[in-house]
Ligand SMILES: Cc1ncc(C[n+]2csc(CCOP(=O)(O)OP(=O)(O)O)c2C)c(N)n1
Ligand SMILES: Cc1ncc(C[n+]2csc(CCOP(=O)(O)OP(=O)(O)O)c2C)c(N)n1
Ligand SMILES: [Mg+2]
Ligand SMILES: [Mg+2]
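Residue numbers (the numbering used here), protein chains in the order written: chain E, 0 to 305; chain D, 0 to 305; chain S, 49 to 365; chain H, 49 to 365.
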């Protein structure tokens with residue numbers, strides 16, 4: 000009963016949201032794009048400073064994070080671990096921490112200045128996200144791949160137990176889906192009808208040693224998720240804010256219907272920096288001084304550097 | 000070149016084998032059925048004696064094992080670990096060791112009398128199969144579920160490296176497919192075109208805590224294997240020797256064509272013992288004296304008890 | 049000597065089941081997860097009474113650990129249940145990252161630890177789980193000795209904030225500790241006072257240690273017996289105090305001598321008071337099929353073995 | 049005192065890469081597997097020269113271990129490569145059953161062990177892998193100290209029949225052992241003779257121990273330094289002989305003090321010759337991001353820490 004009502008309500012709300020979004024659109028897309036540009040600068044400057052970290056996947060997901068945190072997630076003020084009555088997001092592919100940290104900071108979870116401490120000793124901004132140092136916005140450690148979806152499922156099931164109608168989001172890498180634990184989780188979420196969960200795959204077709212096709216061809220992920228009982232939705236333009244927001248809102252509208260939702264989001268690794276695109280080379284390599292200058296020149300300051 | 004020739008040869012050989020089988024059929028099915036009956040007795044007496052072990056899955060796979068070892072596998076005399084130039088079989092769902100041991104003994108790998116030592120201290124017939132005690136016929140330990148398919152893939156790839164044209168077979172439980180490692184292996188075998196591999200799933204729809212549908216509904220396994228890039232074949236009558244042999248020969252004919260082969264074999268857990276069928280209760284429970292008598296009465300001695 | 053009497057043999061896993069059932073009635077935040085081993089873990093009653101608070105994960109232990117971690121984020125106190133091997137070795141990295149490093153309030157409850165699971169054999173008989181779990185920063189590692197203590201420990205860990213590994217077993221063993229005991233995590237229990245040597249035992253070996261002490265007593269040797277139900281944090285004080293008096297120690301555990309309680313004790317002593325020590329434990333071998341009693345005997349894990357080790361260690365003083 | 053000079057800092061993982069390349073040329077049965085970390089493991093050259101003997105498994109370490117086990121059945125000698133955490137904790141049960149218990153001839157080669165992997169932080173910095181692998185019956189556990197020794201160890205383990213865990217690291221460290229050394233599994237190496245205390249070190253800590261011995265020497269303390277490149281089987285004889293002379297010991301490892309080399313040594317001593325011991329190791333905490341040098345310093349894993357511990361342990365004699 001409650002569930003059915005919830006579903007209808009959610010659908011209506013989504014429709015209103017999409018309308019509102021479309022109205023807001025002309026003015027707001029520009030500012031979201033501004034955030035993205037600034038986030039790119041943050042990412043580049045963070046990894047450059049410590050000469051380590053993962054710019055490629057971070058840049059590829061900049062539009063997604065900005066859309067998610069600024070337009071999609073229903074968030075409370077402040078941060079508490081349990082996240083009752085707010086949407087939750089879990090980053091499974093923890094190596095793209097730079098984009099996560101930048102967007103969390105720009106969304107007000109902690110001071111933007113703290114981005115300065117990325118990967119330094121005694122920092123809360125560890126190489127891979129962690130709760131250990133108490134960084135607001137992070138609810139689980141990730142870095143060892145393949146674990147985040149299970150955690151998101153647990154959090155989603157806790158929400159159901161708590162009659163908390165908010166949603167749980169997760170992001171995984173495509174290469175990461177080679178880890179078997181993901182398929183345990185995928186099988187489970189469908190079997191147990193975890194339908195308050197939207198899991199996005201960063202479908203950039205790349206991993207450390209090359210393209211996913213070179214490393215371990217994965218065939219059609221859509222066919223796999225469908226065969227495992229999920230609803231699947233593709234965002235063809237995973238670096239286009241409008242497309243992402245529309246996709247996420249559409250996914251939201253599909254929740255509450257007995258199936259978990261998978262979004263296959265086609266992105267470009269290294270997006271926004273010409274020499275980092277169309278290659279896997281920047282998965283985990285920082286730019287040198289010269290490269291940084293060139294990259295930053297392509298992304299002029301918008302909201303102010305940290 | 001070599002591969003292509005190999006494939007054609009293999010197909011021809013299979014055709015001949017099927018013909019031979021059909022000729023032999025009228026006389027041999029009976030004797031295979033006799034072996035099955037005796038194997039059932041072995042299983043029942045083994046688990047009864049030590050009041051432990053797994054009769055359900057063992058009985059369900061008796062026809063499969065007898066068919067495999069007596070009609071399908073291309074085996075050398077004797078046993079060596081490497082198994083060069085012979086077919087190899089790997090049991091992933093190691094808990095059905097009783098049927099494995101019985102069939103190995105009846106096939107001459109070790110004295111039938113040794114079945115007496117099943118699960119006793121200092122025995123080579125451990126609760127779950129192991130190489131540790133040097134039992135002929137066993138090439139890998141199993142028992143912790145989910146690991147056997149990976150091993151079979153490695154053995155199959157070694158055969159390719161060695162230009163050994165024989166095949167590798169594996170058996171997994173259906174519940175066992177809930178383990179993520181299997182999906183890593185399934186993804187890998189397709190990606191790397193491990194097409195000298197025939198993996199059979201004991202599709203009995205049951206596991207320890209109930210039916211797979213009660214525990215963790217798995218949906219269509221066929222759809223999953225297909226989506227993961229395997230060739231799939233179903234043996235509807237997985238307790239019918241003729242159907243099994245035909246299915247396995249058909250699978251053999253499908254090897255060498257760039258895809259691993261999956262056989263979904265529908266079986267009845269506890270098959271051949273009326274009160275053990277149509278329930279998951281006998282997955283891992285031994286019959287008491289009375290139950291043993293009743294079960295044995297349904298399966299009269301054929302080749303002589305151990 | 050104090051007398052301890054067996055109130056009737058029971059399996060420690062049933063103590064867990066009883067504790068979990070009680071928690072189901074008293075603590076609405078407690079939830080349980082299982083990986084297709086409900087009966088073995090004695091979770092039936094909890095599930096019957098709280099179906100909505102039970103998660104059947106199927107044969108997917110890694111996923112179970114992640115889900116448990118996620119459930120804590122909604123304020124739940126998850127108790128995961130499977131065999132000890134699949135509770136630790138199978139999911140070490142998942143526990144490490146999603147539970148220990150993330151400091152999640154998950155209780156990892158593990159049955160069928162050690163060789164005494166019997167006939168299933170070595171693949172199931174983990175003898176390394178204490179070592180595995182003790183190496184994880186922040187993890188509490190508990191191995192209670194009997195039904196009553198396992199029940200008490202189950203109740204106690206629900207009130208402890210943070211990850212816990214609770215290890216128990218399959219066979220029926222003497223139940224001799226008080227039914228109404230208060231379980232204090234990290235506090236060893238002095239069971240028998242003595243002067244010639246200290247026996248520090250955990251889990252199924254505690255009863256054997258008491259039996260050994262009786263035999264030693266009749267041989268004129270006075271053994272102090274300590275039940276170290278918590279391997280981490282280890283109660284250094286009780287050990288050092290006892291060894292300061294006796295000058296010799298035997299540790300006893302159903303575990304490989306590499307990495308377990310024995311080595312933890314050796315380290316504490318090496319740092320504080322180097323002392324002759326003998327190790328009752330498996331000697332870096334896999335287990336095998338057999339009855340619990342046969343295996344305890346073959347692998348030197350019983351009162352007789354403790355007596356021998358005790359007599360030896362005294363000679364080394 | 050013997051003089052050891054750095055022939056030019058190099059990473060130990062490059063020693064592994066060089067060894068693997070040589071094996072590719074000399075041993076046709078050697079095959080290599082990797083889980084999407086070719087560059088980090090320095091496997092490029094082997095792959096270029098032997099593409100058909102290389103298996104790229106993708107990000108699926110459990111599957112990699114099983115495939116490696118299967119390859120041995122065709123007579124291959126598989127070398128698996130990934131980070132130390134994903135080589136051990138991630139796949140403990142797979143190694144346990146399909147490799148160790150099945151006694152398969154697999155060489156588990158693990159890079160980026162310990163805190164010195166640096167900026168990636170705790171999820172990648174395993175400090176428990178020595179303990180994990182040493183608890184497995186039949187497993188050989190090796191942690192060489194520099195480029196030359198890692199190369200020599202890589203060659204040596206190909207000739208050893210049975211499972212091996214070979215641990216090495218990411219940062220450039222002093223390369224000071226002979227390029228032409230013969231690596232003897234299980235044989236500790238006496239690097240510096242001394243009379244006041246024994247320092248037993250492994251991996252990156254060996255060079256630090258030599259540096260510490262110099263400082264101690266100038267403080268009038270004579271330290272014996274032993275390179276225990278093999279943690280299992282442990283060379284008891286060299287340790288006991290040295291301690292019999294010095295009466296005090298410091299163990300040094302890039303690992304948690306729980307479960308590692310230090311506890312193994314404490315056990316050997318407790319059984320044979322109880323001796324004051326100090327532990328240079330991480331103190332049961334996770335690591336964190338930082339440069340290798342910062343982390344060695346913060347977590348007390350350098351020459352300065354060894355000097356302090358040495359001075360302390362002598363007081364305790
Ligand atoms: C369990 C595990 N294995 C290996 C790694 C090393 N690793 C980090 S990122 C990565 C590639 C991930 O690929 P993908 O998920 O596609 O992310 P992208 O490269 O696209 O950012 C690997 C192998 C890891 N972090 N965890
Ligand atoms: C990793 C692991 N988890 C759990 C178990 C316990 N276990 C043994 S058999 C079994 C059920 C297996 O189901 P299925 O594969 O369908 O075999 P069947 O019951 O049909 O014989 C379980 C959970 C195990 N042996 N290994
Ligand atoms: Mg990718
Ligand atoms: Mg089944």
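Ideal placement from N, C-alpha and C gives every residue a C-beta, glycine not left out.
If we ignore side chains and look at the alpha-carbon of each, how far apart do residue 213 of chain E and residue 285 of chain E end up? 23 Å
Check each residue of the region 129 to 146 of chain S: if its Cβ is closer than 8 Å to any Cβ of chain E, include it; give the result in chain order. 141, 142, 144, 145, 146
Touching or not, the region 239 to 247 of chain H and the region 72 to 88 of chain H, by the rule of three or more beta carbon pairs under 8 Å? no
Counting only C-beta atoms, is residue 172 of chain S closer than 8 Å to chain D at any point? yes
Contact with chain D by residue 155 of chain H, beta-carbon distance below 8 Å: no
For ligand 3, which residues have a Cβ under 7 Å from at least one heavy atom, in chain order? E/56, E/172, E/173, E/174, E/201, E/203, E/204, E/205, E/206, E/211, E/268
Among S/358, S/364, S/165, the one whose alpha carbon lies nearest that of residue 303 of chain S: S/165
Expressed to the nearest angstrom, what Euclidean distance is found between the alpha-carbon atoms of residue 26 of chain E and residue 69 of chain H? Unreliable placement is indicated for residue 26 of chain E, whose pLDDT of 47 sits below 50; no coordinate value is reported for it.
Supposed contact pair residue 147 of chain E and residue 367 of chain H - C-beta distance, whole angstroms, cut 8 Å: No answer is possible for residue 367 of chain H: it lies beyond the span of chain H, which begins at 49 and ends at 365.
Proximity test, Cβ basis, 8 Å: residue 269 of chain E and chain D: no
Taking 7 Å as the line, does the beta carbon of residue 138 of chain S fall inside it for any heavy atom of ligand 2? yes
Got a sec? Which residues, its chain only, sit under 6 Å from residue 174 of chain E by beta carbon, not counting five neighbours each side? 206, 211
Buried or exposed for residue 219 of chain S, please, with buried defined as at least 16 other CB atoms from any protein chain shown within 10 angstroms of its CB. buried
Residue 121 of chain S versus chain E: which residues are under 8 Å apart at the beta carbon? 80, 81, 82, 87, 138, 139, 150, 153, 154, 157
Determine whether the Cβ of residue 131 of chain D lies closer than 8 Å to any Cβ atom of chain S. yes
Between residue 295 of chain H and residue 314 of chain H, what straight-line distance do the alpha-carbon atoms span, to the nearest angstrom? 13 Å
Quick check: is the beta carbon of residue 296 of chain E nearer than 8 Å to any beta carbon in chain S? no
Short of 9 Å Cβ to Cβ, which residues in the region 158 to 184 of chain S face chain H? 170, 171, 174, 175, 176, 179, 180, 182, 183, 184
How many whole angstroms separate the CB atoms of residue 105 of chain D and residue 304 of chain D, which I take to be in contact at a CB cut-off of 8 Å? Wrong, their Cβ atoms sit about 12 Å apart, outside the cutoff.
Cutoff 8 Å; reference residue 73 of chain D; Cβ partners in own chain excluding five residues on either side: 85, 86, 165, 166
To the nearest whole angstrom, what separates the beta carbons of residue 149 of chain D and residue 114 of chain H, a pair I think is in contact under 8 Å? 2 Å
At a cut-off of 7 Å, is residue 92 of chain E close to ligand 1 when judged by its beta-carbon and the heavy atoms of the ligand? yes
Pairs of beta-carbons, one from the region 248 to 259 of chain E and one from the region 227 to 240 of chain E, closer than 8 Å: are there three or more? yes
Answer yes or no: does any C-beta atom of chain D fall closer than 8 Å to that of residue 171 of chain E? no
Positions along the region 332 to 351 of chain H whose CB lies within less than 8 Å of some CB in chain E: 334, 336, 337, 338, 339, 342, 343, 346
In three-state terms, what does DSSP make of residue 183 of chain S? coil
Residues of the region 98 to 111 of chain S whose Cβ lies closer than 9 Å to any Cβ of chain D, in chain order: 104, 105, 106, 107, 108, 109, 110, 111
Can you pull out the residues from the region 211 to 235 of chain S whose beta carbon lies closer than 7 Å to at least one beta carbon of chain H? none
Could you give the distance in angstroms between the alpha-carbon of residue 291 of chain E and the alpha-carbon of residue 198 of chain E? 32 Å
For residue 158 of chain H and residue 203 of chain D, the rounded distance between their alpha carbons: 40 Å
Cα-Cα separation, residue 365 of chain H to residue 323 of chain H: 8 Å
Does the beta-carbon distance from residue 140 of chain H to residue 140 of chain D come in below 8 Å? no
Just how far apart, CA to CA, sit residue 145 of chain D and residue 66 of chain D? 24 Å
Take residue 107 of chain H as the anchor and find which of D/265, D/180, D/237 has the nearest alpha-carbon. D/180
Using 8 Å as the Cβ pair cut-off and three pairs as the minimum, do the region 88 to 105 of chain S and the region 120 to 137 of chain E touch? no
Using beta-carbon positions only, say whether residue 270 of chain E and residue 61 of chain E come within less than 8 Å of one another. yes
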